[in-house]
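According to the UniProt record's numbering, the stretch in the sequence shown is residues 1 to 291, in order. One structure is given here, and the rest of the page talks about it.
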Amino acid sequence: MDGLEARELAYFVAVAEELNFSRAAQRLGIAQPPLSRAVKQLERRLGVVLLERTSRKVALTAAGQVLLDEGRRALEGLSAAARRAQRAGSPAPRLTLVMKAVGDGGMLPDILAAYAGEPDATAVEVLFCGFGEQADLLRSGSADVGLLHGRPDLTGLDSEDLLVERQVAVMPVRHRLAGRAAVTLADLDGEVMPRWAGLPRGGADGPEVRDAGQLMQLIAMGRTVAVLPESARAYAGGDVVCVPVLDAPPTTMLLAWPEKSRSPALAAFVRAATGAAALRTPDVRPLGPGH
């Protein structure tokens, strides 16, 4: 059997997602008859039925569902490969770093300074994104390396832990707990917590937040309270306070990049970031009652 072609795979994925040949043809910008012929030809080549067709509906078979899942990944991989090749072949090579705003734990200046001393260093473009979008941008080829928090889905990525931080509750200055030296998670029961755009709700019922600037404004307005890494102190204005949370688990900032990457510039950035982190790793022992 000959290898699948990107065009016929894209045709099938469009039909499988729409479950309607007419809508899929419109989405692809082609006529319906050649689309139907292309899908039938694909089924003959594979020797399996991918779609159950009746006069009233189109449904995926088990084989069709597998090809849809794998086909999406394959097409995303092709697009990512094209983007990375275009950047690598640019007359002015650069490394694209993706992170959420103020999501560097205060480390980015140190990392960039260390990177500038690497022999394989190149220009660094910083791409800001919303919460939880970094991994997808890395997998799609839109970025070369990213700063992420917590334990996101790292499928298709390599990673290195950089910084482990204690957590603080960020609240308006007039909040009932604002004068405390420290709080516990139980003290925060009943507080309105933000919902991070693109991430599971996790029981939070507060406003949806897309970036750190928006979050700090909502906190200052008294609309929400958030538990954030201790480095958030650097970005807190005078209208909010940061109170240590004694029993909140430490949170990790990590560096991630596409697995099996062989870019010398990327390898140099990873070295610089881990070296800077080794000099900055803070004490993350549990806070005592007097802190």
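Don't be surprised by glycine CBs; every beta carbon is placed ideally from N, CA and C. Small disclaimer: the values here were computed from a predicted structure and weren't measured.
Proximal residues to residue i (C-beta, below 8 Å), its chain only, five neighbours per side dropped
i	result
P194	A204, G206, P207, E208, V209, L215, L218, T224 and A226
L78	A6
Per-residue burial, residue i [other beta carbons within 10 Å of its own, 16 or more giving buried]
i	result
K260	exposed
V66	exposed
A82	exposed
R151	exposed
residue 295	In the structure as shown, the chain begins at 1 and stops at 291. Residue 295 is therefore absent and cannot be evaluated.
L19	exposed
Q134	buried
L279	exposed
P34	exposed
D144	buried
D153	exposed
T96	buried
R166	buried
A116	exposed
R139	buried
R87	buried
P258	buried
A31	exposed
A248	buried
A186	exposed
DSSP-derived helix/strand/coil call for residue i
i	result
S159	strand
F128	strand
R94	strand
R87	helix
V13	helix
A123	strand
A181	coil
P152	coil
L19	coil
E133	coil
E165	strand
P194	coil
L4	coil
Whole-angstrom C-beta distance between residue j and residue i, which should lie under 8 Å
i	j	result
E118	A16	Actually they are not in contact, since the Cβ atoms of E118 and A16 sit about 45 Å apart, beyond 8 Å.
E230	V192	22 Å between Cβ atoms; not a contact.
D239	A220	4 Å
L75	A63	18 Å between Cβ atoms; not a contact.
W196	G132	6 Å
V124	M99	With a Cβ gap of about 11 Å, V124 and M99 do not count as contacting.
Beta-carbon proximity list for residue i, same chain, < 6 Å, skipping 5 on both sides
i	result
A59	E52
T252	D161 and V164
D120	P264, A265 and A268
A212	A101 and V102
R233	C242
T274	E160
A14	A24, R27 and L28
F128	A101
L148	Q134, L254 and A256
P93	T122
Contacting residues, own chain, Cβ-Cβ under 7 Å from residue i (five flanking each side not counted)
i	result
A38	E8 and Y11
R84	G141
G106	S231 and A234
G71	L9, F12 and V13
V173	D239, V240 and V241
A276	M107, D110, I111 and A114
T54	none
V48	A63
L68	V13, A16 and L60
A272	I111, A114, Y115 and E118
**Q.** Sequence ranges, beta strand (DSSP E) only - wholly within the region 32-81, length at least 3
**A.** Whole beta strand (DSSP E) segments, 3+ residues: 51-53 and 58-60.
**Q.** Those runs of the alpha helix (DSSP H) which lie wholly inside the region 206-274 and span at least 4 residues
**A.** For the region 206-274, whole alpha helix (DSSP H) runs of length 4 or above, ordered along the chain, are 212-220.
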